[in-house]
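Start counting the sequence shown at 207; every next residue gets the next number (my numbering). Glycine residues also receive a C-beta, built at the ideal position from the N, C-alpha and C atoms. Since this is a predicted model, take the numbers as computed values, not measurements.
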Amino acid sequence: RRDAVSDGRKPISGGVPLCWPQFGPGDIQQHGFARNLQWECVDACTQASGSMVQRSWTKAGSRAIFELTDTKASRAIWKHRFNARYGVELTSGCLSISLRVKNTDINEFSFTGALHTYFAVDDLAACRIAGLKGKSYLDKTDGQTKTDSDEAIAITGFTERVYADAARRVTLQDGNKAVSIKSNAAWKDLAVWNPYGDEKMAYSNFVCIENGVINEPITLQPGEEWEGKIEIIPYVDGAPAYASTQ
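In structure tokens form, the structure reads like this:
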């Protein structure tokens with residue numbers, strides 16, 4: 207976003223901010239505290255590109271894992287003890303992102319959360335989001351629950367939707383470019399957001415498609431783990447982007 211800052215004054219509005227242990231407003235700060243804290247890189251790996259992916263924009267097999275554990279400061283906001291790991295793996299044709307949460311407390315806890323993913327687009331008016339036909343959603347602009355009847359949705363006004371039991375695969379089409387967003391079943395819900403008309407946010411240059419657990423919290427007993435995963439695969443003219451000369 208045009209108004210994004212990276213000096214620590216507020217969460218970064220771009221990339222893939224992590225909303226946890228709360229999505230949206232609630233008992234603690236908006237979207238939780240995880241995106242405001244420093245995570246520790248506990249594992250990283252970079253491998254050279256192979257012959258089949260020499261035209262790739264990145265190295266094959268690059269991976270990093272970041273860890274966040276409870277502290278006195280976090281427990282002052284949210285009283286529970288936890289271990290969270292945020293994994294990112296970037297290959298020639300796929301960006302994989304995972305969030306694993308483990309309950310290290312002696313009591314159960316519940317959480318909501320999401321990957322608040324920003325997708326840059328060239329022309330918002332021409333963009334379409336496919337894969338949600340027949341899915342029910344809460345339209346937060348008017349508080350009504352509706353069912354999506356379109357093969358693909360267009361952003362034509364301020365948009366804030368939360369889809370329940372969302373599709374495991376959604377496609378964002380932007381002209382001759384597209385991304386496929388695939389998730390595992392752990393991410394039950396999907397939010398679509400765009401501040402249409404807000405020039406300060408440069409609304410016409412992005413759309414947020416957010417895999418999450420939003421409608422019903424996840425409850426973990428002591429020692430239990432939960433893990434959500436997504437894969438983002440880019441295409442150009444219907445072919446994998448890494449094979450494109452563009």
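Can you say whether residue 228 is buried or exposed, counting buried as having 16 or more other CB atoms within 10 angstroms of its CB? buried
Thinking C-alpha only, which one of 271, 449, 435, 377 is nearest residue 339? 377
How should residue 355 be labelled, buried or exposed, when 16 other C-beta atoms within 10 angstroms of its C-beta is the threshold for buried? exposed
Alpha carbon to alpha carbon, how far is residue 434 from residue 305? Give it in angstroms, no decimals. 5 Å
Environment of residue 414 [buried if 16+ CB atoms lie within 10 Å]: buried
Residue 330 and residue 382 - do their beta-carbons sit closer together than 9 Å? no
State buried or exposed for residue 375, treating a residue as buried only when at least 16 other CB atoms are found within 10 Å of its CB. exposed
Environment of residue 389 [buried if 16+ CB atoms lie within 10 Å]: buried
Use the C-beta contact count for residue 436: other C-beta atoms within 10 angstroms, 16 or more gives buried, fewer gives exposed. buried
Do the CB positions of residue 324 and residue 412 come within less than 9 Å of each other? yes
Based on the DSSP output, what are the partners of residue 295 in its beta bridges? 269, 302
Could you give the residue range of the alpha helix (DSSP H) that holds residue 279? 278-283
Going straight from the alpha carbon of residue 232 to that of residue 287, what length do you get? 19 Å
Where the beta strand (DSSP E) through residue 440 begins and ends: 431-442
Under 8 Å Cβ to Cβ from residue 246, same chain only, skipping five residues before and after it: list those, please. 272, 273, 274
By how many angstroms is the C-alpha of residue 334 removed from the C-alpha of residue 362? 11 Å
Could you give the residue range of the beta strand (DSSP E) that holds residue 374? First-last for residue 374: undefined, no H or E at that position.
Ignore the nearest five residues each way along the sequence and tell me which others in residue 316's own chain have a CB closer than 6 Å to its CB. 423, 425
Comparing C-alpha positions only, which one of 372, 226, 429 sits nearest to residue 322? 226
From the DSSP output, which residues share a beta bridge with residue 315? 426
For residue 346, I'd like the list of residues in its chain whose CB is within less than 8 Å of its CB, leaving aside the five on either flank, ordered along the chain. 366, 367, 368
Applying the criterion that 16 or more other CB atoms from any shown protein chain within 10 Å of the CB defines a buried residue, is residue 222 buried or exposed? buried
What are the boundary residues of the beta strand (DSSP E) that includes residue 353? 350-353
Put residue 274 into one of helix, strand or coil per three-state DSSP. strand
What does the Cβ neighbour count give for residue 250, buried or exposed, with the cut at 16 atoms within 10 Å? exposed
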